[in-house]
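Down below is the structure, laid out as structure tokens.
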Amino acid sequence: MDAFRVIIRGKFDNLDDTGRAELAAKGGDLMFSEEGTFTYDVNATAFTFRCQVPADPDDDEKTAKVRATEALRAHGLPYRDLNYAVTDLRAVRIRRKKR
4 MDAFRVIIRG KFDNLDDTGR AELAAKGGDL MFSEEGTFTY DVNATAFTFR CQVPADPDDD
64 EKTAKVRATE ALRAHGLPYR DLNYAVTDLR AVRIRRKKR
């Protein structure tokens, strides 16, 4: 599969009670998806957002960050102080054990 896996770490920016309720409804799943999933600290101040974005042949890390930020923005929660970790799955090689 041609894709990037992106982990965004950041902080919520003045998350109100409505935002906290929306966040709680999203769950704390650890999987990568195109919609993205959140995990967060007990006070809902810091978060980790995981998403998987498709990769076209000419796409690079910058493109992956833009698409991941769009996925984060789609959730409608206020955020700040973002840090990114990008893995290009096209470059990952799987070594299988011979039997």
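Every number in our numbering is 3 more than the matching position in the sequence shown, counting from 1.
Beta carbons are placed, not taken as given, at the ideal position from N, Cα and C, and that holds for glycine.
Quick one: Cα of residue i to Cα of residue j, how far?
i: Phe15; j: Ala6; result: 27 Å
i: Thr72; j: Asp63; result: 15 Å
i: Asp91; j: Ile97; result: 13 Å
i: Pro60; j: Tyr87; result: 21 Å
i: Asp84; j: Arg93; result: 28 Å
i: Glu38; j: Arg70; result: 11 Å
i: Lys100; j: Ala67; result: 31 Å
i: Arg23; j: Val89; result: 27 Å
i: Lys65; j: Thr21; result: 32 Å
Return the residue from the list the options that minimises the CA-CA distance to residue i.
i: Thr48; options: Arg76, Leu26 and Val95; result: Leu26
i: Phe35; options: Gly22, Val45, Asn17 and Pro57; result: Pro57
i: Leu18; options: Tyr82, Lys100, Arg102 and Arg99; result: Tyr82
i: His78; options: Lys100, Thr40, Val89 and Val9; result: Thr40
i: Lys29; options: Glu37, Asp20 and Thr42; result: Thr42
i: Phe50; options: Thr21, Asp20 and Gly13; result: Gly13
Below 8 Å on the Cβ atoms is my contact criterion, and I expect residue i with residue j to pass it. Report the Cβ-Cβ distance as a whole number of Å.
i: Leu80; j: Ile11; result: 12 Å between Cβ atoms; not a contact.
Residue i bridges to which residues according to DSSP?
i: Ile10; result: Arg53 and Ala88
i: Arg83; result: Lys14
i: Phe35; result: Partner(s): none; Phe35 has no beta bridge.
i: Thr42; result: Thr51
Can you tell me whether residue i is buried or exposed? The criterion is at least 16 other CB atoms within 10 Å of its CB, across all chains shown.
i: Val45; result: exposed
i: Arg53; result: buried
i: Val95; result: exposed
i: Leu33; result: exposed
i: Val9; result: buried
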